[in-house]
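Participant: Mapping the sequence shown onto my numbering, position 111 (from 1) lands on 720, and the numbers just tick up by one.
The beta carbon of each residue, even a glycine, is placed where N, CA and C say it ideally should be.
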Amino acid sequence: MAQQSDQSTPLQLTPELVRRVARLARLSVPEAELPGVAEDLARVLHYADRLAALDLASVAPLATPLERPITLRGDAPGPVMSPDLVLAIAPACFEGFISVPPVLVGGGEGDGGGGA
Numbered sequence: 610m611a612q613q614s615d616q617s618t619p620l621q622l623t624p625e626l627v628r629r630v631a632r633l634a635r636l637s638v639p640e641a642e643l644p645g646v647a648e649d650l651a652r653v654l655h656y657a658d659r660l661a662a663l664d665l666a667s668v669a670p671l672a673t674p675l676e677r678p679i680t681l682r683g684d685a686p687g688p689v690m691s692p693d694l695v696l697a698i699a700p701a702c703f704e705g706f707i708s709v710p711p712v713l714v715g716g717g718e719g720d721g722g723g724g725a
């Protein structure tokens, strides 16, 4: 797992942990890039720890970082394409529906791959 010697030193992430995080994030990280990705991820986590340690009790929460109020547009439908036109320009169709390649593959739990 991760090891940390003190608060000023970023975490030392193992290649196994980086592989696991990459798999969960559905990212492909080549073996040669694992050390660099581990260093980058450790720096991000260290920075998040530093942010979490800040005393923000006296800081009011913001709904937006903008100083001007946010104006919302009306909730009105815009122009739409006809279903026939959408099907005509789709790269692949099947029985009146747009056919797309699988998004989640790999046989993991909950990804539609039939895993245990």
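1. Have a look at Ser-637 and Val-689 and give me their C-alpha separation to the nearest angstrom.
2. Go through the region 677-723 residue by residue and report every complete run of the beta strand (DSSP E) that reaches 3 residues or more, in order.
3. Give me, in chain order, the residues of the same chain whose beta-carbon lies closer than 7 Å to that of Ser-708; leave out the 5 immediate sequence neighbours on both sides.
4. How far does the alpha helix (DSSP H) with Ala-647 in it reach, from first residue to last?
5. For the region 659-667 against the region 638-647, are there 3 or more C-beta pairs whose distance is under 8 Å?
6. For Ala-647, count neighbouring Cβ atoms within 10 angstroms of its own Cβ and tell me buried if that reaches 16, exposed if not.
7. Are the CB atoms of Ala-669 and Gln-621 within a distance shorter than 9 Å?
8. Straight-line CA distance for Ser-691 to Ala-699?
Facilitator: Here's the rundown:
1. 36 Å
2. none
3. Ala-701, Cys-702
4. 643-661
5. no
6. buried
7. no
8. 12 Å
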